[in-house]
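Take a look at the structure below.
Number of protein chains: 2
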Amino acid sequence: MRIYLAGPDVFLPDAAAIAAAKKEICARHGVTGVFPLDPIEDAAATAAPQRFMKIYLWNEAHIRSCDALVANLTPFRGPSADAGTVFELGFMRALGRPVFGYANAAANFRDRTLAFLGEAARPRREPDEWEDAEGLHLENFGLQDNLMIDGGILASGGRIITRAVPEALRWSDLSAFEECIAALASARQN
Amino acid sequence: MRIYLAGPDVFLPDAAAIAAAKKEICARHGVTGVFPLDPIEDAAATAAPQRFMKIYLWNEAHIRSCDALVANLTPFRGPSADAGTVFELGFMRALGRPVFGYANAAANFRDRTLAFLGEAARPRREPDEWEDAEGLHLENFGLQDNLMIDGGILASGGRIITRAVPEALRWSDLSAFEECIAALASARQN
């Protein structure tokens with residue numbers, strides 16, 4: 001079983017070390033981790049003149065080659081997960097394969113958005129409902145992120161694992177990641 | 191031709207008015223706009239006990255029923271587009287149908303991220319390369335958003351239209367949206 005390892009981990013200064021650690025966890029559970037930066041042959045990517053398009057097509061080919069996806073949904077420069085990761089999650093869901101997510105952050109989406117907006121958040125007339133300074137509503141379903149993310153993961157048969165870890169460890173702690181891998185590996189055996 | 195109208199427009203206080211305005215533009219170009227909040231029958235959604243899951247499944251059914259998608263990529267509570275919109279973009283790309291995006295913001299992704307990080311951004315040794323306070327790199331391809339978004343749109347045959355509009359009008363100005371619809375409608379006729 002090949003698992004695509006989606007996440008903003010690619011932006012880390014030690015991306016190669018995180019990739020190796022994630023792959024080692026996958027191997028320990030009898031599955032193969034595929035990191036976005038892994039080398040891959042793809043004719044369309046070879047033909048693409050622009051670097052960003054090559055990377056896009058490599059990632060798309062990696063995802064298509066995998067049986068499942070595990071996304072690092074730890075909030076990234078705002079209340080939501082990294083945009084590239086979310087794109088890949090939607091892509092894999094549409095392929096009909098299991099998608100899992102984990103986040104090293106315990107607060108739910110509404111509370112993170114409130115913290116992000118600070119003074120700019122305004123209460124609505126309805127109890128416990130909020131909007132931003134421009135009147136745009138804050139989703140309030142007690143979910144990990146925008147409902148399309150939680151919904152897509154659950155609809156695929158996947159799970160979302162969250163962990164409260166010290167902020168300094170949120171890009172390196174892999175215990176929630178390992179729980180996703182263990183769930184996928186054990187589902188395959190049943 | 192049915193076009194799914196993805197975007198954080200659903201959170202606007204006047205979401206119904208924006209939906210009507212977008213559908214009117216679609217009709218003028220001879221295509222049908224499908225708004226996420228439009229009513230739809232879906233057996234799985236009917237069976238789902240939770241409200242958020244019903245909404246997820248309705249949106250997924252809407253997307254599957256459409257021939258193309260136009261996403262409002264105007265930055266939403268951070269440097270990137272709304273996470274739900276990005277999920278839907280990846281989903282439609284995986285279905286192999288055209289996806290277009292527009293944004294009422296002219297700055298590119300790197301510059302928006304630099305503005306978002308402010309003092310927390312640090313220059314790297316390489317010229318014109320930046321990282322955040324935790325060392326995570328800032329994508330620097332001159333794109334509209336994370337490369338998966340731009341790449342997915344271009345790989346699908348779509349386009350990204352950006353417009354510098356006054357900030358107060360960024361949720362209501364539909365000229366970039368109309369340019370996407372016109373491009374889709376005219377491609378269908380050729």
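Protein chains in written order, with our numbering: chain A, 1 to 190; chain B, 191 to 380. Glycine included, C-beta positions come from ideal geometry on N, C-alpha and C.
Quick one: what does DSSP say residue i is sitting in, helix, strand or coil?
i: F177/A; result: helix
i: R240/A; result: One cannot answer for residue 240/A here, as it falls past the ends of chain A, which runs 1 to 190.
i: N72/A; result: strand
i: L355/B; result: The question names Leu, yet the displayed sequence has Val at residue 355/B. The answer is coil: DSSP assigns V355/B none of H, G, I, E or B.
i: V34/A; result: strand
i: R125/A; result: coil
i: I253/B; result: helix
i: W171/A; result: coil
i: P321/B; result: Looking at the sequence shown, residue 321/B is not Pro but Glu. E321/B: strand per DSSP, three-state reduction.
i: I160/A; result: strand
Name the two residues that bound the continuous alpha helix (DSSP H) containing residue i.
i: A293/B; result: Here A293/B belongs to no alpha helix (DSSP H); instead the beta strand (DSSP E) covers 289-293.
i: L147/A; result: 147-155
i: R2/A; result: Element bounds for R2/A: not the alpha helix (DSSP H) but the beta strand (DSSP E), 2-6.
i: F116/A; result: 109-117
i: R77/A; result: No alpha helix (DSSP H) contains R77/A, which DSSP labels as neither H nor E.
i: E24/A; result: 15-28
i: A45/A; result: 43-47
Answer with yes or no whether the minimum CB distance from residue i to chain B is below 8 Å.
i: I149/A; result: yes
i: H62/A; result: no
i: P98/A; result: no
i: G152/A; result: yes
i: E88/A; result: yes
i: N59/A; result: yes
i: N72/A; result: no
i: W171/A; result: yes
i: Y4/A; result: no
i: R159/A; result: no
i: A207/A; result: With chain A represented from 1 up to 190, any question about residue 207/A goes unanswered, as that position is not in the structure.
i: F91/A; result: yes
i: A47/A; result: no
i: P79/A; result: yes
i: F52/A; result: yes
i: G101/A; result: no
Once you ignore the five residues that flank residue i on each side, which residues in its own chain have a CB closer than 6 Å to its CB?
i: A271/B; result: L263, D335
i: L138/A; result: R110, T113, W130
i: I343/B; result: V289, G291, I350
i: A323/B; result: A310
i: L374/B; result: A258
i: R188/A; result: M1
Comparing the C-beta of residue i with each C-beta of chain A, is any distance below 8 Å?
i: R353/B; result: no
i: N294/B; result: no
i: N298/B; result: no
i: L374/B; result: no
i: H219/B; result: no
i: I245/B; result: yes
i: L285/B; result: yes
i: A273/B; result: yes
By Cβ distance, which residues of its chain are closer than 7 Å to residue i, with the 5 residues on each side in sequence left out?
i: F141/A; result: L147
i: L202/B; result: I208, W361
i: K54/A; result: A45, A48
i: G33/A; result: I3, L5, K22, K23, C26
i: L307/B; result: D322
i: F76/A; result: P8, D82
i: L364/B; result: A211, K212, I215
i: E230/B; result: Rather than Glu, the amino acid found at residue 230/B in this sequence is Ile. The residues are W248, A251, H252.
Given residue i, which residues of its chain have a CB within under 8 Å of its CB, disregarding the five upstream and five downstream residues?
i: E278/B; result: Y194, A196, N249, I253, L259, A261
i: C296/B; result: Rather than Cys, the amino acid found at residue 296/B in this sequence is Ala. Excluding sequence neighbours, A296/B sits near T352, R353, A354.
i: C66/A; result: R2, I3, Y4, V34, M92, R97
What I want to know is whether the C-beta of residue i ends up closer than 7 Å to one or more non-hydrogen atoms of the ligand HEM.
i: D228/B; result: Looking for the ligand HEM in the displayed structure turns up nothing, as the structure carries no ligands at all.
- request: Output, in sequence order along the chain, the residues in the region 304-318 of chain B whose CB is closer than 8 Å to any CB in chain A.
  value: F306, L307
- request: Could you please tell me which residues of the region 319-337 of chain B, in chain order, have their CB closer than 9 Å to any CB of chain A?
  value: Going along the region 319-337 of chain B in chain order, one finds E321, D322, E324, G325, L326, H327, L328, E329, F331, G332, L333, D335, N336, L337 with a Cβ nearer than 9 Å to chain A.
- prompt: For the region 6-21 of chain A, which residues have a CB atom closer than 7 Å to at least one CB atom of chain B, in sequence order?
  reply: P8, F11, L12, P13
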